[in-house]
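Student: A single structure is presented below for examination.
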Amino acid sequence: MVPDLMKDVSTIDEKFVAGGLDALDANPNGIVIGAGLVQKLGLRMGDNLNIAANTGQVQTLKIVGIFKTGNAHYDEDQSFTVLKRAQALFDRPNIANTFIVKLDDANRARLVARDIENRIGYKAESWQEASQDLESVLLVRNIIMYTVVSAILIVASFGIYNVISTVVFEKTRDIAILKSIGFTPSDVRRVFVIEGVIMGLIGSAMGIILGIGVMRGLELVQVKPPGESDIITLPIYWGRNCSPWPWASP
Numbered sequence: 309m310v311p312d313l314m315k316d317v318s319t320i321d322e323k324f325v326a327g328g329l330d331a332l333d334a335n336p337n338g339i340v341i342g343a344g345l346v347q348k349l350g351l352r353m354g355d356n357l358n359i360a361a362n363t364g365q366v367q368t369l370k371i372v373g374i375f376k377t378g379n380a381h382y383d384e385d386q387s388f389t390v391l392k393r394a395q396a397l398f399d400r401p402n403i404a405n406t407f408i409v410k411l412d413d414a415n416r417a418r419l420v421a422r423d424i425e426n427r428i429g430y431k432a433e434s435w436q437e438a439s440q441d442l443e444s445v446l447l448v449r450n451i452i453m454y455t456v457v458s459a460i461l462i463v464a465s466f467g468i469y470n471v472i473s474t475v476v477f478e479k480t481r482d483i484a485i486l487k488s489i490g491f492t493p494s495d496v497r498r499v500f501v502i503e504g505v506i507m508g509l510i511g512s513a514m515g516i517i518l519g520i521g522v523m524r525g526l527e528l529v530q531v532k533p534p535g536e537s538d539i540i541t542l543p544i545y546w547g548r549n550c551s552p553w554p555w556a557s558p
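With the working numbering applied, the sequence shown covers 309 to 558.
Put into structure tokens, the structure is as follows:
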């Protein structure tokens with residue numbers, strides 16, 4: 309990698325538990341490796357590694373950084389050194405195997421990848437293509453989730469309709485009394501509408517408070533996803549501004 313450029317297209321610089329990309333940039337004979345690989349090989353910060361390439365060349369590199377992304381597969385398999393040192397080790401000057409491009413709009417990645425392929429002829433893989441299996445799983449999950457939620461809303465709507473119909477039927481005598489003292493049908497309807505709005509506002513406020521409480525509780529639930537080395541809490545998305553108090557957002 310080129311450390312200064314890597315900072316602009318990756319968050320790996322935030323994942324270091326020791327050292328960092330600056331140390332790699334300052335030491336051309338340095339190497340940064342994943343925490344899983346450190347544990348697997350019994351290494352520690354500052355150790356020297358003899359790296360052998362398929363060209364027969366052997367180079368001694370010093371561990372100047374250890375990163376931990378939480379992805380067990382990545383942390384156990386990945387290591388990085390400066391591009392020029394890798395080119396010399398593999399005897400491939402002026403050649404880079406991978407270019408990473410970061411976009412302002414992540415949703416344009418597929419179009420940009422296709423444009424790159426058309427322009428230079430090399431394979432360009434968008435993040436959507438790299439995560440196609442995961443996206444398929446998420447699509448199925450979303451279909452199931454929205455189907456279940458829609459069914460619940462339909463059932464709840466019929467329940468609300470039945471309750472309202474029953475209440476109106478039970479209030480027939482009260483409606484008759486109101487009409488006998490001079491209330492018009494529109495006045496009676498207005499009374500029921502006002503009562504319904506008041507009850508709706510009270511129910512909405514209670515629902516918001518209950519929903520925030522449930523989400524706060526879910527944030528404390530700890531899980532260990534497959535392929536991850538660390539236990540994490542459930543990621544909860546609070547909305548565009550990521551605030552649990554939407555009315556306090558600017």
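Virtual Cβ for every residue (Gly too), placed ideally from N, Cα, C. Small disclaimer: the values here were computed from a predicted structure and weren't measured.
Between the C-alpha atoms of residue 405 and residue 313, what's the straight-line distance to the nearest angstrom?
Tutor: Cα to Cα, residue 405 sits roughly 15 Å from residue 313.
Student: Alpha carbon to alpha carbon, how far is residue 348 from residue 398?
Tutor: Near 25 Å, if we compare the C-alpha coordinates of residue 398 and residue 348.
Student: Determine the closest residue to residue 382 out of 532, 413, 320, with distance taken between C-alpha atoms.
Tutor: For the residues 532, 413, 320, the minimum Cα distance to residue 382 belongs to 320.
Student: Report the rounded CA-to-CA distance for residue 423 versus residue 364, giving the unit in angstroms.
Tutor: So the alpha carbons of these two residues sit roughly 38 Å apart.
Student: Under 8 Å: do the segment 401-421 and the segment 369-384 share three or more Cβ pairs, one atom per stretch?
Tutor: No: the two stretches stay apart, fewer than three of their Cβ pairs being nearer than 8 Å.
Student: Quick check on residue 407: does DSSP put it in helix, strand or coil?
Tutor: Looking at residue 407 - three-state DSSP - the assignment turns out to be coil, as it is neither helix nor strand.
Student: Which residues share a DSSP beta bridge with residue 476?
Tutor: DSSP, once it has assigned bridges, lists no residue as partnering residue 476.
Student: Could you check whether residue 486 and residue 496 sit closer than 7 Å to each other, using their CB atoms as the reference points?
Tutor: It is a contact, given that the beta carbons lie within the stated cut-off.
Student: Nearest to residue 530 by CA position, among 355, 517, 524, 539, is which residue?
Tutor: Taking only the C-alpha atoms, the option nearest residue 530 is 539.
Student: Which value, in whole angstroms, describes the spacing of the CA atoms of residue 522 and residue 542?
Tutor: In a straight line, the C-alpha of residue 522 is about 12 Å away from that of residue 542.
Student: Classify residue 511 as helix, strand or coil using the three-state DSSP reduction.
Tutor: Of the three classes helix, strand and coil, the one that applies to residue 511 here is helix, per DSSP.
Student: Which whole-angstrom value is the C-beta distance of residue 358 and residue 346, which I expect to be below 8 Å?
Tutor: Contact doesn't hold; Cβ gap of about 16 Å is too wide.
Student: Around the C-beta of residue 414, are 16 or more other C-beta atoms found within 10 angstroms, so that it is buried, or is it exposed?
Tutor: Its Cβ having fewer than 16 others within 10 Å, residue 414 is exposed.
Student: Can you find the residues in the same chain that come closer than 8 Å, C-beta to C-beta, to residue 391, ignoring five residues on each side of it along the sequence?
Tutor: Cβ neighbours of residue 391 beyond the five flanking positions: 309, 310, 404.
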